[in-house]
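For reference, the structure is listed below as structure tokens.
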Amino acid sequence: MTNEFLFNDTTQWLHSSAQQQAPHLVSLRRDIHAHPELAFEEVRTAGLVSAELGRLGIPHRTGIGRTGVLGVIEGGRPGPTLAIRADMDALPIHEETGLPYASTVQGKMHACGHDIHTVTLLGAAALLKELAPRLAGRVVLVFQPAEETLQGAAAMIADGAADGIDMALGFHNHPDMPVGRFGYVRGACLAAADRFDLVIRGRSGHAAHPYAAVDPIVAAAHFVTQAQTVVSREVRPLHPAVVTIGQSSGGTTYNIIPERVALKGSVRTLHAAARDTAEAALRRLAQGVEAGFRVEASMDYQRMVPALVNDDRVLQPALAALEAQFGAALVAEGEPSMGSEDFSAFASRVPAFQLRIGSGAPGRDDALHNAGYQPDEGCIPAGVEALSRIALDLLSRAS
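In terms of the UniProt record's numbering, the sequence shown opens at residue 1 and continues consecutively.
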């Protein structure tokens, strides 16, 4: 492919190059899909990524954030540094797709499409390596572990993955949109994620004599009920928030009041004020249960990741690039989600944008984190094309 062609017909070159890569990327995706690895276990996946980057002649480092990989594509002239991030980890779900390349590991599955994300970024890396002379600046390729536990981004950043970057681009497949469609959200698009452990200690005793015991189950039940008022009565109605109790454990049998009950909960918010309100309210409710039910209530509250906020400084040029490549009709604004994403650890440091890439297969109604999830693999070349065009236009004059 000549440089003249690259300059004169960028749109067609990106499309045809992404399509040419598709069979190799699909094969690689199926290999990764058949061998899923959970958070910080992505040794095999990282090895495949390293091998591909080596084949492409892209300098890279492994072991960043334990099992992450960091590659660098230097542009032809000075300019800003753009990080593009893909996550690599799978989920503790038993796959039920029946596909010939289904997971070979019991109880583990790529049910969120991180296998697709990994190969999509590898495909974009191949195109951007060829386009490197046109880039003003450089591209940092971030292959991240442990997104599902919301710990991988922080681990990579601690090892220097965000050092020197000026802006960041993330992406996620979306089965609620067909292949060829792309989505975006202005401002906060994904929620901050916090979690808490509450241990309520009472005094065990015989179920026939509750007056001689202190019942932590009753106290825990009141806390669970009261926690539902945090969103409805304390957070501003226009500030979305979710409080969920995900686990309650305590007791051993019918006729014994237990010594303790343990609760696990999560809090999702889009606004900083709502995040503060929810934490303060839950801490206060725990103290109230302690005083009202004669128990000891111990809460461990952890702020995991902030809300993911799309910055117009990256969003606007990215949208212009997508519309130039695919047409405005295929790029649509969507609604925020109360799901969370630790790409926000990068977005809280530099201007960033998370792109939604349609992955819905015809005739299916798939959902992420589902044992039967089957995204349309056509989203891989579509994503390669989109990421490459955005990066090219961010780091050079559009032609």
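The beta-carbon is built from N, C-alpha and C at its ideal position, and this holds for glycine as well.
The structure displayed is predicted, hence computed values, not measured ones.
Per DSSP, the beta-bridge partners of residue 300 are 197. Under the Cβ criterion (8 Å, minimum of three pairs), the stretch 198 to 211 counts as touching the stretch 291 to 302.
Here residue 12 is exposed: its Cβ has fewer than 16 other Cβ atoms, across all protein chains shown, within 10 Å.
Residue state for residue 81 is assigned as strand, using DSSP reduced to three classes. Scanning its chain for C-beta atoms nearer than 8 Å, with the 5 sequence neighbours on each side dropped, one finds around residue 174 the residues 183, 356, 357, 358, 359, 360, in chain order. Close CB contacts of residue 259 within its chain, under the 8 Å cut and outside five residues either way in sequence, are with 201, 202, 203, 204, 216 (chain order). Out of 321, 226, 190, the CA that lies nearest to the CA of residue 331 is found in 321.
Residue 69 and residue 138 have their alpha carbons spaced roughly 16 Å apart.
Under the three-state reduction of DSSP output, residue 178 falls in the strand class.
One Cα belongs to residue 347, the other to residue 73, and the distance between them is close to 21 Å. Within the stretch 188 to 242, the runs of beta strand (DSSP E) at least 3 residues long that lie entirely inside it are, in chain order, 192 to 201. Under the three-state reduction of DSSP, residue 109 is assigned to strand.
One Cα belongs to residue 209, the other to residue 234, and the distance between them is close to 38 Å. Positions of the beta strand (DSSP E) runs, each at least 3 residues long and wholly inside the stretch 283 to 354, are given as 296 to 305, 308 to 310, 331 to 333 in order along the chain.
For residue 185, the three-state secondary structure derived from DSSP is coil.
If you check the CB distance, residue 152 and residue 342 come in under 8 Å. For residue 46, the enclosing alpha helix (DSSP H) has its first and last residue at 43 to 56. In the DSSP annotation of this structure, the continuous segment of the beta strand (DSSP E) that includes residue 74 starts and ends at 68 to 74.
Counting along the chain, residue 16 sits inside the alpha helix (DSSP H) bounded by residues 10 to 34. At the C-beta level, residue 97 and residue 374 come within 8 Å of one another. Across the structure, residue 18 and residue 123 are spaced so that their CA atoms are roughly 7 Å apart.
Taking 8 Å as the cut-off, the beta carbon of residue 168 is found no closer than this to the beta carbon of residue 65. Beta bridge pairing from DSSP links residue 115 with no other residue. Contact check for residue 76 against residue 125 fails: the beta carbons are separated by 8 Å or more. Between residue 57 and residue 129, the beta carbon gap of about 7 Å places them in contact (Cβ cut-off 8 Å). Note on residue 344: 16 or more other CB atoms within 10 angstroms of its CB, so buried under the neighbour-count rule. The continuous beta strand (DSSP E) containing residue 262 extends over residues 260 to 269. When only Cα atoms are considered, residue 336 and residue 384 end up about 24 Å apart. Following the DSSP letters along the chain, one finds residue 383 inside the alpha helix (DSSP H) bounded by residues 379 to 395.
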